[in-house]
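Asker: Have a look at this one before I ask anything.
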Amino acid sequence: MAEHQWAKVSKPLVVILDNASIHTAKKLEPYWDLLEEKGMRFYFLPPYSPELNRIELLWHKMKYEWLKFKLYTPDELEQAIDEIGEGFGDLQADFFLGA
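Here's what the structure looks like:
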């Protein structure tokens, strides 16, 4: 089945990974060369680089600008995050436009 999936790939694939242990596990080492032969390229972010990881930028914005600074119960936090998600289109535009 995997061979069938690779047959559909006509361009090189680039995968950018952080250094999570799942991405650097020794058990994966035999597969790196095989995947690279098939056209996949892997690039690892520097060990600690939140500025290069967009989700880290988003969480920072949520924690320090969009969420009220207070103690939350788990349910309250989930509700607050859901409310941010509901208006995310507007917030996303502000976030990426630097507003």
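Positions -3 to 95 (the numbering used here) are the ones given, in order, by the sequence shown. Even glycine gets a Cβ: it sits at the ideal position worked out from N, Cα and C.
(1) Please report the distance separating the alpha-carbon of F84 from that of R37.
(2) Is the distance from the Cβ of F40 to the Cβ of L13 below 7 Å?
(3) Opposite Y39 in the DSSP bridges: which residues?
(4) Mapping the DSSP letters down to three states, classify F65 as helix, strand or coil.
(5) Put M(-3) into one of helix, strand or coil per three-state DSSP.
(6) By how many angstroms is the C-alpha of E61 removed from the C-alpha of M(-3)?
(7) Is L63 near A76, with beta carbons less than 7 Å apart?
(8) From P43, E32, V11 and I80, pick the residue whose C-alpha is nearest to that of S17; which is it?
Answerer: Quick look at the numbers:
(1) 32 Å
(2) yes
(3) I12
(4) coil
(5) Because the pLDDT at M(-3) is just 43, under 50, the model does not fix this residue reliably, and the value given afterwards should be weighed accordingly. Three-state DSSP puts M(-3) in coil, outside helix and strand.
(6) Here M(-3) scores only 43 on pLDDT, less than 50, and its place in the model should not be relied on; the value that follows carries that caveat. Computed Cα separation, rounded: 46 Å.
(7) yes
(8) P43
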